[in-house]
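Numbered continuously in the numbering used here, the sequence shown closes out at residue 149.
In this text, a Cβ means the ideal position worked out from N, Cα and C, and glycines have one as well.
Take a look at the structure below.
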Amino acid sequence: MSFDPNAAGPDGQPQQGPVFFHRKELDLILRVYGRMVAAGEWRDYAMIGHKDVAEFAVFRRSGDAPLYRIEKRPALQTRQGQWAVIGEGGVVLRRGRELPQVLRVFDSRKFQIVE
35 MSFDPNAAGP
45 DGQPQQGPVF
55 FHRKELDLIL
65 RVYGRMVAAG
75 EWRDYAMIGH
85 KDVAEFAVFR
95 RSGDAPLYRI
105 EKRPALQTRQ
115 GQWAVIGEGG
125 VVLRRGRELP
135 QVLRVFDSRK
145 FQIVE
């Protein structure tokens, strides 16, 4: 079954599909992910597209809770920005309108695994 973004729903309004990452956005995220995997910091990831948010979660190990979540919420674009990096416990580490600027949070920190 294919998704037509211009198809009208039962009320005549355009149906909204799940939010997901565009190819260029995913490329930027995967570059950071690859760098962190090479450094031995991250080992797994998951991507989820919901009605109002797309999420890229990274994990230290497969069974763990996510270390970080990179979220795209288009509804917040004109407010505080559609991009956010969220750490463990739901702490927003950085939020903004431009993905490269938000992903810099991973450049400015020296990450250490604590076990």
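Query, Result
"Cβ-Cβ distance between Y79 and A91 below 8 Å", "yes"
"Residue from K85, R129 and V136 with nearest C-alpha to F54", "K85"
"Within 8 Å, strictly: CB atoms of L62 and L133", "yes"
"Helix, strand or coil at V126 according to DSSP, with G and I counted as helix", "strand"
"Span of the beta strand (DSSP E) around E89", "A88 to F93"
"8 Å Cβ cutoff met for R95 and Q116", "no"
"Residue interval of the alpha helix (DSSP H) (run including A72)", "R57 to A72"
"Burial state of E122, where buried means 16 or more other Cβ atoms lie within 10 Å", "exposed"
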